[in-house]
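To convert, take the position in the sequence shown, counting from 1, and add 9; that gives our numbering.
So the structure is just underneath, and the comments pick up after that.
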Amino acid sequence: MGDPTRRAIVACLAERPRAVGELADELPISRPAVSQHLKVLKDAGLVTDRAAGARRVYRLNPAGVAALRDQLETFWNRALDSYQDVVEEPTEEEQ
Numbered sequence: 010m011g012d013p014t015r016r017a018i019v020a021c022l023a024e025r026p027r028a029v030g031e032l033a034d035e036l037p038i039s040r041p042a043v044s045q046h047l048k049v050l051k052d053a054g055l056v057t058d059r060a061a062g063a064r065r066v067y068r069l070n071p072a073g074v075a076a077l078r079d080q081l082e083t084f085w086n087r088a089l090d091s092y093q094d095v096v097e098e099p100t101e102e103e104q
């Protein structure tokens with residue numbers, strides 16, 4: 010999710026499922042580039058696809074998004090705990 014294009018694809022798919030061509034029409038990248046980003050997202054378990062005639066329609070995978078959310082929550086909780094430890098540490102003047 011570190012790539013802004015992948016974040017944009019996820020935002021589009023959060024609105025509704027879309028085919029590669031629809032995503033390419035909404036983003037400033039080519040269809041092959043959209044397909045490459047979708048492959049990364051699919052490999053990460055964040056999107057799924059299904060055949061719809063000659064097209065493949067992509068949608069967010071709720072289980073994958075939930076797992077990502079859990080990982081981010083764990084990361085932020087650890088970061089905030091570390092920040093709290095530093096803030097609460099007595100300064101030299103207080104010792």
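Glycine included, each C-beta is placed from N, C-alpha and C at the ideal position.
The structure presented is a predicted model; accordingly, all values stated were derived computationally and were not measured.
With which residues is residue i paired in a DSSP beta bridge?
i, result
"residue 67", "27, 58"
Beta-carbon within less than 6 Å of residue i's beta-carbon, same chain only, minus the 5 sequence neighbours each way: which residues are those?
i, result
"residue 29", "40, 43, 44"
"residue 34", "none"
Where does residue i land, buried or exposed, given buried means 16+ other C-beta within 10 angstroms?
i, result
"residue 108", "Examination of residue 108 is not possible in this model, given that the chain is present from 10 through 104 alone."
"residue 50", "buried"
"residue 69", "buried"
"residue 27", "buried"
"residue 47", "buried"
Tell me which same chain residues have a C-beta within less than 7 Å of the C-beta of residue i, skipping the five on either side of it?
i, result
"residue 38", "14"
Report yes or no: is there a C-beta of chain C within less than 7 Å of the C-beta of residue i?
i, result
"residue 32", "Structure shown: chain C not included; a single protein chain is present."
### Three or more C-beta pairs below 8 Å linking the stretch 84–104 and the stretch 52–60
no
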